[in-house]
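The numbering used here puts the sequence shown at residues 38 to 1052. By construction, the Cβ of each residue, glycine as well, lies at the ideal position given by its N, Cα and C atoms. The structure presented is a predicted model; accordingly, all values stated were derived computationally and were not measured. Here the structure comes first, spelled out in structure tokens, and everything after it is commentary.
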Amino acid sequence: MIHKNSLLGLFVFGAFALSWGQQTKIYTHDSAPYLKALSLYKAEQYLASQALFQKIKNNSEDELIDADCTYYIANCAVRLNQSGADELITSFVEEYPTSTKKNAAFNDVADYYYGNSKYAHALKWYDQVDESNLTQKEKEPFYFKKGYALFHTNQKKASKKYFNLVEDSKVYGSQAKYYLGYIAYEGDDYQEANTLFDQVKDQEKYQEKMAYFQADMNFKLGKFQQAIDLASQRLPLASDAEERSQLNKIVGESYFNLKEYNKALPYLKEYKGKKGKWTNTDHYQLGYVYYQRHEYEAAISEFNKIIDGKNSVAQNAYYHLAECYVKTGKKQQALNAFKNASEMDFSVEMKQDAWLNYAKLSYEIGNPYQPVPEVLASYMKAYPNDLNNEELENLLIDSYITSKNYKEALVLLEGKGGYNYKVAYQKVAFYRGVELFNEGMFNEAKNHFDKSLKEPRTKNITARSQFWKAECDYLLDNYQEALIGFKQFQQKDSLTKYAEAKNLDYQIAYAYFKQKEYAQAVDGFKNHIEKSKDDIQRLNDSYLRLGDSYFVTTDYWKAMEAYNEAKKLNNIDADYAHFQKAISYGFVGKNQEKINDLKLFLNDFANSQYRDDALFELGNTYVIVNESEKALKTYDDLVYKHPNSSYVSRGMLKQGLVHYNNDSNEQALNKFKQVAVNYPGSAEANQAVATARLIYVDLNRVDEYATWVKTLDFVEVSDADLDNTTYEAAEKQFLQQKTDQAIASFRSYLQSFPNGLHATQAHFYLGQMLYKKDDKEKAIPHYKFVIDQSRNEFTEQALVRLSQLYLENNNWQEVKPVLVRLEAEADFPQNVVFAQSNLMRVNYELAQYDQAVVYAEKVLKNPKNSDAIISDSQVIIARSAIKVGDENKAKIAYEEVQKIAKGSLAAEALYYEAYFENKDSNYEESNKTIQELTKNYSGYKYYAAKSLVLMAKNFYELEDSYQATYILERVIENFTQYEDVVEEAQIELQRIKQLEAKRNSSINVEPLEDNKNQE
């Protein structure tokens, strides 16, 4: 808009005329100094005039002379802009209240300020003029000037009164009518404005100035063709850039209102906005012109600049923006725009149509803000008689599955009747169960498979639910229930059509194996071996477990055959197969073959975890074949090379027994004493003490024995029988599974014998029973007692259980040293994996990221790890890298995660794929990745929310302000449970709005309280 005052300033005209009062007669002829002073005043030599008047006053004794001199001295002070000039005028009036120059003084000063365009100062003095004392000739200029001064101090209502007084003046009438017309124009009284402007239109000096106003008035009166004609005539003559911009806007918008969109386009494009800023309406009009011309990308670039719109223009803009997105294949963007248009009530028809399109698009591409079934159901509820509802109901039923947000879909389906809804419920419950299974939440998964089985509407879903429920039971150690489930699944028709059936024999065999039903396990593993040759790892494991089943049922030759087959595959656990085959020779009396195979094992498998087992077995076999020296040397190798092995105490005990059997009593006693001191309370220590007692008795050195044994805390010689008896009574209750009685008995035993012969066993069994009763806090001190003793047969199990208890309570500091010990001391490979995989997690939680990565890389080196453990390891590496700012490493790790991850880890990996694409300025690709995440993993809301914030950033970089702000507002509205995400969204929304407000005057930005320095 043209600054109206910039035009009005051109219209001030008329020379300043000083009103002179009648000169007192005595000064008209005979006072040369006075006349000279007055002449200097008229010649605008104010300083000289003032000095001369002051001299005259000083030498005069006449009051009239004094009054006139005081008047001119004050007037000169005003014109010289001297300090205190106003006070001099006031003093003159007060000192000479009857002077004929009083009114003239006020008017003269006012006119002076008026002539210098100091209108506020002029008004101060005009207000003191007594209008009734003005002559008729003086009144017209006074009225006009005071009106003009009021006009220019934005007191237009007051100015109107004075302009009206001179409306018919020959001198001031035209100017007054012009300003009255302008006041009417500004007050939107276009009829009055036109009437007044018409009265002065024949005067050339006004025509140029009124051209814009008349064009604008015609536009505002809806006379669009007249507006076009007037503005078009003026446009080539306009020299002012702002006027040209406004004239283009008048022509363009007039054509727009006449629906002549092609003609409107060039003019609307030339508009520069008010003070360089457009409004939402400006963007809408240009966008709609492009829309009508099918230039959809150009239309989008205008519509998407309309943010924060809350009126009919905005609803229209968002609806047509959505249509443009659809036309250009941008369905995700269209979803948001239709949603926005559907939330406004300015056009009821548009609201409904937008809502319908929003619902259908949600079904087609997914919805990141609310469950798709909820969207469809809400539309049908709002418009129950809509002709589209039959189609929508079919989409609704199908959407419970296709939305993949099974958790929320299940809530929506609860209690719904109708066959189709029951079918959907069965499927959703099943898929939610699979989702939970992949998250490792087996109890919850099992519950959902049960829900699915309660609605057996679809055969294949029923069959698959039975299978996965059995898998849950297996992983929850409910082996009998698992076996029943697998068997039920096995009875299904057309079993081969199910992917789950591929390894069914293997799974059944394992269920038998875990229940120690080895004969049935043998059949299962054999069946699997016959049917499946392509999965080498599972085939290898089947041979190993087949060998183990034969081994524990003492069918050693068949066991060796199975181990041999595993060895041929040269796959995982080849060392185990070799070791098991070697010890099997011992059970069939082939001790030399056993020795040869064990020596070969020690040579071939330098890093095997079974080396300590092999050395112990080799030593034992040398004892059997009476090669004592070799036996002793082998036990020495075990002790020195594997000092933390659970076999060390047994190996030393064996050495003592070898010496004892060879009548080397002193050497035997030395070994037994080492065992007793180094492994107090262990079974080996108790046996060492008992055997040492026999030696001392044989040597008739009983007193020496008594002295020695008193140094051992775990042996109370006088109470040994009572100790054994008390322990055996408690153990009997334990073996009979009388848990409460056993707990009481073990507690009684430990109270009587806190350092008894069986204290370690008692503490361990007590811990196990309390754990089983879910009294876990009370179990902790018993496990701690066990691990605080020297290495014993319960140490490893106690370390595992204690670490599990600490992990359940997130006691990271306490669990870390327990896991470190378990990693170092475990004999069972699965416990090493357990320790390492949890150490990577614990170190991450303790912000020890380097150590977390070390352990993650250890886990990844184990070829037997499941996909779940591998993806967990890669995630720890990635998260740690993010924490320390190594984004390159994080990127590589997340790429690995994405290959195998499921559930929440897959959502996290996709988020970071989008994150790194954003970092590389691949904004379109980043958004595609986010769309995949929100469609397939919307149930994992944290990363869905974070990805939407990232999507908003992408859209802003792609110059789509609307999408950016809309998405951020929805995140803030819908994801309040994630404070960090909402805070990030608020900061980004504020940043965008502040930037957009620089070019769009429709945007009002309230500064964030905690973000005042944000751009």
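Cα-Cα, which of the options is closest to residue i?
i	options	result
Phe143	Glu132, Asn153, Lys155, Leu160	Leu160
Lys815	Lys821, Phe822, Leu807	Leu807
Within its chain, find whatever has a CB closer than 7 angstroms to the CB of residue i; leave out the 5 residues flanking it on each side and keep chain order.
i	result
Val934	Ser908, Gln911, Val912, Ala915, Leu942, Ala946
Glu334	Thr365
Leu690	Val712, Glu721, Gln724, Ala725
Leu233	Lys214, Leu217, Gly218, Ala221
Tyr458	Ile434, Leu450
Lys300	Tyr292
Quick check on the DSSP output: the alpha helix (DSSP H) that includes residue i runs from which residue to which?
i	result
Phe638	628-641
Trp315	Element bounds for Trp315: n/a, residue is neither H nor E.
Leu125	122-132
Phe865	No alpha helix (DSSP H) holds Phe865; DSSP gives it neither H nor E.
Lys444	443-450
Arg494	No alpha helix (DSSP H) contains Arg494, which DSSP labels as neither H nor E.
Thr591	Where Thr591 is concerned, there is no enclosing alpha helix (DSSP H), given that its DSSP letter is neither H nor E.
Lys529	Per DSSP, Lys529 belongs to no alpha helix (DSSP H) and is neither H nor E.
Leu305	298-307
Glu741	739-746
Asn955	940-956
Gly793	That residue, Gly793, is in no alpha helix (DSSP H); it is neither H nor E in DSSP.
Gly693	684-698
Phe181	173-189
Thr135	First-last for Thr135: undefined, no H or E at that position.
Val837	832-845
Glu427	426-439
Is the beta carbon of residue i less than 7 angstroms from the beta carbon of residue j?
i	j	result
Leu844	His819	no
Ala930	Tyr974	no
Phe340	Ala351	no
Tyr473	Ala461	Correcting the residue type first, residue 473 is Leu in the shown sequence and not Tyr. No, these two residues do not count as a Cβ contact at 7 angstroms.
Tyr289	Leu305	According to the sequence as given, residue 289 is Gly; it is not Tyr. Going by C-beta atoms, Gly289 is nearer than 7 angstroms to Leu305.
Lys645	Asp612	Note that residue 645 corresponds to Ser in the displayed sequence, not to Lys. Contact flag set, yes.
Phe181	Val203	yes
If you draw a straight line from the alpha carbon of residue i to that of residue j, how long is it in whole angstroms?
i	j	result
Tyr163	Tyr219	23 angstroms
Cys1125	Asn1037	Nothing in the structure corresponds to residue 1125, since the chain is present only between 38 and 1052.
Ser984	Cys509	32 angstroms
Lys1049	Val986	Summary for Lys1049: the model assigns pLDDT 36, below 50, so the residue's position carries little reliability; its value from the coordinates is reported in the next sentence. Approximately 21 angstroms, taken between the alpha carbons.
Glu430	Gly940	29 angstroms
Lys636	Tyr716	29 angstroms
Lys570	Asn475	26 angstroms
Ala743	Ala729	11 angstroms
Ala252	Ser269	9 angstroms
Glu428	Asn394	13 angstroms
Glu768	Gly718	17 angstroms
Lys198	Gly184	7 angstroms
Leu541	Thr533	10 angstroms
Ser840	Tyr881	16 angstroms
Asn480	Asn681	37 angstroms
His615	Phe486	41 angstroms
Gln503	Gly477	18 angstroms
Ala905	Ile937	8 angstroms
Gln1009	Ala884	According to the sequence shown, residue 1009 is Ile rather than Gln. If you take the alpha carbons of Ile1009 and Ala884, they lie about 29 angstroms apart.
Lys618	Asn640	16 angstroms
Gln867	Gln770	31 angstroms
Leu44	Val115	Residue placement at Leu44 cannot be trusted, given a pLDDT of 37 that sits under 50; what the coordinates show is reported in the next sentence. Straight-line Cα distance between these residues: approximately 29 angstroms.
Lys444	Leu1026	30 angstroms
Here's a check: name, in chain order, each residue in its chain whose Cβ is nearer than 8 angstroms to the Cβ of residue i, leaving out the five neighbours to either side.
i	result
Glu168	Lys176, Phe179
Leu449	Pro408, Pro410, Glu411, Ala414, Tyr437
Val857	Ala872, Leu876
Once the 5 residues before and after residue i are set aside, which same chain residues still bring their CB inside 6 angstroms of it?
i	result
Tyr356	Ala378, Met387, Ala391
Ile620	Glu654
Asp345	Ile1040
Gln27	Outside the modelled stretch of the chain, which goes from 38 to 1052, sits residue 27, for which no answer is possible.
Does any residue of chain C bring its CB to less than 7 angstroms from the CB of residue i?
i	result
Glu297	Annotation note: the requested chain C is absent from the structure, which comprises a single protein chain.
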